[in-house]
Amino acid sequence: MEKNMYDQVPTMEPQRQFYYMEKAKSYVDDLAQQLGRRPTFCVTTFGCQMNARDSEKLTGILETIGYEAADSEDADFVIYNTCTVRENANNKVWGRLGYLSTYKKHHPHMKIALCGCMMQEPEVIEKLQKSYRFVDLIFGTHNIYKFAELIVATFEQKGMVVDIWKDTDKIVEDLPVERKYSFKSGVNIMFGCNNFCSYCIVPYVRGRERSRKPQDIIREIEHLVADGVVEVMLLGQNVNSYGKNLETPVTFAELLQEIEKIEGLERIRFMTSHPKDLSDELIEVMSKSKKICKHLHLPLQSGSSRILKEMNRHYDKEQYLTLVEKIRKAVPDIALTTDIIVGFPGETEEDFLETMDVVQKVRYDSAFTFIYSKRTGTPAAAKEEQVPEDVVKDRFDRLLKEVQSCASERAQALTGKTESVLVEEVNEQDSSLVTGRLSNNFVVHFPGTEELIGKIVNVKLKECKGFYFYGEMTGEV
Ligand code: 5AD
Ligand code: SF4
Numbered sequence: 154m155e156k157n158m159y160d161q162v163p164t165m166e167p168q169r170q171f172y173y174m175e176k177a178k179s180y181v182d183d184l185a186q187q188l189g190r191r192p193t194f195c196v197t198t199f200g201c202q203m204n205a206r207d208s209e210k211l212t213g214i215l216e217t218i219g220y221e222a223a224d225s226e227d228a229d230f231v232i233y234n235t236c237t238v239r240e241n242a243n244n245k246v247w248g249r250l251g252y253l254s255t256y257k258k259h260h261p262h263m264k265i266a267l268c269g270c271m272m273q274e275p276e277v278i279e280k281l282q283k284s285y286r287f288v289d290l291i292f293g294t295h296n297i298y299k300f301a302e303l304i305v306a307t308f309e310q311k312g313m314v315v316d317i318w319k320d321t322d323k324i325v326e327d328l329p330v331e332r333k334y335s336f337k338s339g340v341n342i343m344f345g346c347n348n349f350c351s352y353c354i355v356p357y358v359r360g361r362e363r364s365r366k367p368q369d370i371i372r373e374i375e376h377l378v379a380d381g382v383v384e385v386m387l388l389g390q391n392v393n394s395y396g397k398n399l400e401t402p403v404t405f406a407e408l409l410q411e412i413e414k415i416e417g418l419e420r421i422r423f424m425t426s427h428p429k430d431l432s433d434e435l436i437e438v439m440s441k442s443k444k445i446c447k448h449l450h451l452p453l454q455s456g457s458s459r460i461l462k463e464m465n466r467h468y469d470k471e472q473y474l475t476l477v478e479k480i481r482k483a484v485p486d487i488a489l490t491t492d493i494i495v496g497f498p499g500e501t502e503e504d505f506l507e508t509m510d511v512v513q514k515v516r517y518d519s520a521f522t523f524i525y526s527k528r529t530g531t532p533a534a535a536k537e538e539q540v541p542e543d544v545v546k547d548r549f550d551r552l553l554k555e556v557q558s559c560a561s562e563r564a565q566a567l568t569g570k571t572e573s574v575l576v577e578e579v580n581e582q583d584s585s586l587v588t589g590r591l592s593n594n595f596v597v598h599f600p601g602t603e604e605l606i607g608k609i610v611n612v613k614l615k616e617c618k619g620f621y622f623y624g625e626m627t628g629e630v
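Numbering (the working numbering), first residue to last: 154 to 630.
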């Protein structure tokens with residue numbers, strides 16, 4: 154095929170990217186001829202569900218232009234979609250890049266691309282440009298929609314292609330996406346974050362809050378449902394502030410009510426809720442909904458009102474506990490999960506005991522616990538009173554023990570009940586079992602076959618194994 158099919162490159166999106174996809178296709182075809190087979194790709198995702206969804210977008214483009222998915226990083230095109238929320242997320246990437254450099258020495262035609270949150274940090278780019286010259290392409294979180302155009306640049310240009318934007322107000326719709334699961338999908342409802350919690354790098358790497366228009370979201374979900382999706386996970390850094398900056402403002406609760414009307418959609422999940430913005434309207438909508446799952450992820454971060462103030466969270470311990478009470482009253486069987494940081498600068502034993510107190514009062518169904526990680530550029534990084542490592546480790550262990558004991562107690566209370574379950578996969582360890590999720594997000598394994606994948610069935614929870622169950626199917630819903 155002629156590489157210059159059009160005289161002019163379209164300026165409008167997404168048309169411009171479709172133009173570049175055609176162009177990339179012809180380069181990939183040439184490569185396939187040279188190799189005598191289709192070239193392969195591997196996208197490795199670090200971090201959160203937002204990144205997982207972005208990786209599905211990258212995969213959509215790669216498959217459109219003629220790359221074939223490989224199961225390992227011994228591929229012709231390796232992409233790392235990175236995270237930078239904690240230092241160890243960055244360390245993982247540096248470690249694996251070392252391995253890739255050796256691999257590339259033996260496979261010189263191979264392409265390596267890096268994208269995602271870590272690439273939004275100027276020091277990272279500097280280090281890559283200085284010491285990691287074997288990387289072919291680097292882009293960030295704001296211009297991921299340009300992937301096809303950037304791939305073309307790697308074919309046409311010598312050396313490293315680097316394209317990082319500081320921020321954007323742009324949202325490009327209708328590009329190809331290749332879902333990991335046929336029956337469930339993440340759906341971005343907004344991008345970015347305006348909260349500036351003092352420990353968090355996300356507002357710096359994901360930019361300011363931008364909401365998608367409700368009609369674009371609904372249209373995407375309708376297409377997903379027509380394509381076999383029964384469960385959606387609405388994604389945003391703070392879904393509770395959805396729609397505030399739209400030309401015609403819409404609340405998150407209003408959006409949920411519109412999504413609920415989509416016929417064929419069975420389950421709605423969302424992530425993440427900031428406690429300061431969780432409205433009574435949302436609680437009411439959740440209590441009346443037939444489709445919104447009985448699960449709320451409500452990051453606490455700390456139980457100490459003093460630390461919460463230092464974290465710039467805009468709620469205190471009492472307000473958080475009152476909110477939990479309100480939610481539990483409106484939706485009695487809801488599962489509550491959370492994120493907690495241990496060792497924020499200046500955290501005393503008393504502060505930590507306040508966190509333990511909230512955990513004991515709320516009794517979370519599950520909690521992600523993190524050791525505070527200093528992120529350069531955030532206000533907390535400038536604080537001097539860092540907590541000694543051994544003290545943090547001791548607090549972390551005590552917290553983890555408490556969190557685990559609450560979780561298993563909550564799971565135990567469900568034993569013997571029959572619940573509806575969305576079957577997700579054949580069990581990896583035992584192929585006579587399938588694995589599915591309850592509305593409240595607990596996992597159950599039970600005898601079944603591949604044909605059940607994507608179906609919602611009733612399962613009796615026979616045995617509790619701490620955080621998951623063994624069960625038995627009692628029928629289709
Ligand atoms: N250190 C440790 N944990 C952090 N998180 C965000 N920033 C940091 C940090 N600097 C945690 C928060 C957030 C979750 C996604 O990651 O708990 O909710
Ligand atoms: Fe997700 Fe935040 Fe990590 Fe980016 S930095 S991948 S938004 S958790």
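We treat Cβ as the ideally placed atom computed from N, Cα and C, and that holds for glycine.
Opposing strand residues paired with Val196 [DSSP bridges] | Locating residue 196 in the sequence shown gives position 43, where the first residue counts as 1. Paired residues: Ile232.
Pairwise C-alpha distance: Asp229 and Met154 | As a first step, residue 154 must be located in the sequence shown, where it is residue number 1. As a first step, residue 229 must be located in the sequence shown, where it is residue number 76. Any reading at Met154 needs caution, since the residue's pLDDT is 48, under 50, leaving its predicted position unreliable; the model's value is listed next. When rounded, the distance between both Cα atoms is 22 Å.
Check whether Asn243 and Ser208 have beta carbons under 8 Å apart | In the sequence shown, residue 243 corresponds to position 90, counting from 1. In the sequence shown, residue 208 corresponds to position 55, counting from 1. Taking C-beta atoms as the reference points, Asn243 and Ser208 fail to come closer than 8 Å.
Beta-carbon proximity check, Thr212 vs Val196, cutoff 8 Å | If you number the sequence shown from 1, residue 212 lands on position 59. If you number the sequence shown from 1, residue 196 lands on position 43. It is a contact, given that the beta carbons lie within the stated cut-off.
So does the region 256–271 actually touch the region 551–559, counting three or more Cβ pairs closer than 8 Å?
-> Contact fails: fewer than three Cβ-Cβ distances are below 8 Å.
Specify whether the region 528–540 and the region 489–501 touch according to this definition: at least 3 beta carbon pairs, one from each stretch, less than 8 Å apart.
-> yes
Compute the Euclidean distance between the alpha carbons of Glu411 and Asn341, then round it to the nearest angstrom.
-> Your numbering for residue 411 matches position 258 in the sequence shown. Your numbering for residue 341 matches position 188 in the sequence shown. Each residue's CA atom was taken as its position, placing Glu411 and Asn341 some 16 Å apart.
Kindly examine the ligand SF4 and report whether one of its heavy atoms sits closer than 7 Å to the Cβ of Thr237.
-> Numbered from its first residue, the sequence shown carries residue 237 at position 84. Flag set: Cβ of Thr237 near the ligand SF4.
Over the uninterrupted beta strand (DSSP E) stretch that includes Ile265, give me the two end residues.
-> Within the sequence shown, residue 265 is the residue found at index 112, counting from 1. Membership of Ile265 in the beta strand (DSSP E) is indicated by the continuous run 264–269.
Quick one: residues in its chain with C-beta nearer than 8 Å to the C-beta of Leu474, no 5 flanking neighbours on either side, listed in chain order?
-> Sequence index remark: in the sequence shown, residue 474 carries index 321 (1-based). Excluding positions up to five away in sequence, the list reads Val511, Lys514, Val515.
Contact set for Ile494: own chain, Cβ-Cβ below 7 Å, skip 5 residues either direction | To locate residue 494, count along the sequence shown from 1; it is residue 341. Tyr352, Gln454, Ser455, Phe523, Tyr525, listed in sequence order.
For Ile421, the residue or residues it bridges with in DSSP = As a first step, residue 421 is located in the sequence shown; it is residue number 268 there, counting from the start. BP columns for Ile421 point to Val385, Ile445.
Runs of alpha helix (DSSP H) wholly within the region 433–496 (minimum 4 residues, chain order) = 433–441, 458–463, 470–483
Contacts around Lys397, its chain only, beta-carbon distance under 7 Å, and the 5 residues preceding and following it disregarded | Stepping through the sequence shown from its first residue, residue 397 is reached at position 244. Excluding sequence neighbours, Lys397 sits near nothing in its chain.
Whose C-beta lies closer than 7 Å to the C-beta of Ile460 among residues of the same chain, with five residues either side of it excluded?
-> Taking the sequence shown and counting its residues from 1, the one referred to as residue 460 is at position 307. Closer than 7 Å at the Cβ level, and outside the excluded window around Ile460, lie Phe497, Glu500, Asp504.
Would you say the region 172–182 touches the region 211–225, given that touching needs at least three Cβ pairs under 8 Å?
-> yes
Output the distance between the C-alpha atoms of Thr602 and Thr588, rounded to the nearest integer angstrom.
-> As a first step, residue 602 must be located in the sequence shown, where it is residue number 449. As a first step, residue 588 must be located in the sequence shown, where it is residue number 435. Cα to Cα, the separation comes out at about 10 Å.
Three-state class that DSSP yields for Met154 in the structure shown | Mapped onto the sequence shown, residue 154 falls at position 1. Only weak support exists for where Met154 lies, its pLDDT of 48 falling under 50; the coordinates are left without a value.
Taking just the CA atoms, how far does Ala222 sit from Glu581?
-> Position 428 of the sequence shown, counting from 1, holds the residue named residue 581. Position 69 of the sequence shown, counting from 1, holds the residue named residue 222. Going by the C-alpha atoms only, they are around 20 Å apart.
Residues that Ser573 bridges to, as DSSP identifies them = The sequence position of residue 573 within the sequence shown is 420, counting from 1. Its beta-bridge partners are Asn611.
Would you mind sorting Glu302 into buried or exposed? The rule is 16 or more other CB atoms within 10 Å of its CB.
-> As a first step, residue 302 must be located in the sequence shown, where it is residue number 149. By the neighbour-count rule (16 or more Cβ atoms within 10 Å), Glu302 is buried.
For Met464, which residues from the same chain have a beta carbon less than 7 Å from its beta carbon, with the 5 sequence-adjacent residues on both sides left out?
-> Reading the sequence shown from its first residue, position 311 is the one you call residue 464. Excluding sequence positions up to five before and after Met464, its CB lies within less than 7 Å of the CB of Cys350, Ser351, Tyr352, Gln454, Ser455, Phe497, all in the same chain and listed in chain order.
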